[in-house]
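Participant: The opening residue of the sequence shown carries number 354 in the working numbering; numbering runs sequentially from there. We put the CB at the ideal spot given by N, CA and C, even for glycine. Because the structure is a prediction, the values reported are computed rather than measured.
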Amino acid sequence: MTNDYDDIINQPHYEPKHHPRMSMWNRAAQFAPFAALTGYDAAIQESGRLTDDWLGLSESGNEEMNRKMELIVSILPEHPSVTIEYFVPDEHKAGGSYQSYTGNVKRIDEYEKCIEFTNGKKVPLDVIREIKID
């Protein structure tokens, strides 16, 4: 049984006469993966990222929040330690995420409508979902 390529199997490798042989580096670059659509992977990842909706406060939740704020104001000179859960809107798509922060309250700024902590962090009052006084 003869092989179809017996006549060329032992021939020397072809060397081009009119141009130099391509380097291994350049040959490898021809087979490297490429992104056909620039930014497509980032867009897919962004669309797959989950966000939460702002739930707001119910009427009873609003009343409870006001009671807690009054309590904080009454003990403000002691710089009470509180844990707040608040909503941070997403910069790129609808919705956002809920974050939690624990710190000592420095003041409640009624002009800017935010809680300011002793380390300088400010959280707007209208995005706070829950306050726990530690």
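Cα-Cα, which of Ala395, Ile425, Val441 is closest to Val435?
Facilitator: Ile425
Participant: What residue range does the alpha helix (DSSP H) around Tyr451 cover?
Facilitator: No alpha helix (DSSP H) contains Tyr451, which is instead part of the beta strand (DSSP E) from 449–462.
Participant: Indicate the three-state DSSP secondary structure (helix, strand or coil) for Arg482 in the structure shown.
Facilitator: strand
Participant: Give me the Cβ distance between Asp405 and Gly449, rounded to the nearest whole Å; I'm assuming they're in contact under 8 angstroms.
Facilitator: Between the beta-carbon of Asp405 and that of Gly449 there is about 6 angstroms, and that keeps the pair under the 8 angstroms contact cut.
Participant: So, are the CB atoms of Leu429 and Val476 less than 9 angstroms apart?
Facilitator: no
Participant: Which residues bound the alpha helix (DSSP H) around Gln425?
Facilitator: Looking at the sequence shown, residue 425 is not Gln but Ile. Here the alpha helix (DSSP H) through Ile425 covers 412–427.
Participant: Just to check my reading of the structure: Ile437 and Ile481 have Cβ atoms closer than 8 angstroms, yes? What is that Cβ distance to the nearest angstrom?
Facilitator: About 5 angstroms; that satisfies the 8 angstroms criterion.
Participant: Please classify Met354: is it buried, with 16 or more other beta-carbons within 10 angstroms of its beta-carbon, or exposed?
Facilitator: At Met354, the pLDDT of 48 sits below 50, so the modelled position is not reliable; the number obtained from the coordinates is stated separately. Exposed, by the Cβ-count rule.
Participant: Nearest to His432 by CA position, among Leu478, Ile468, Asp394, His371, is which residue?
Facilitator: Ile468
Participant: Distance check for Glu444 and Ala381, CA to CA, integer angstroms please.
Facilitator: 40 angstroms
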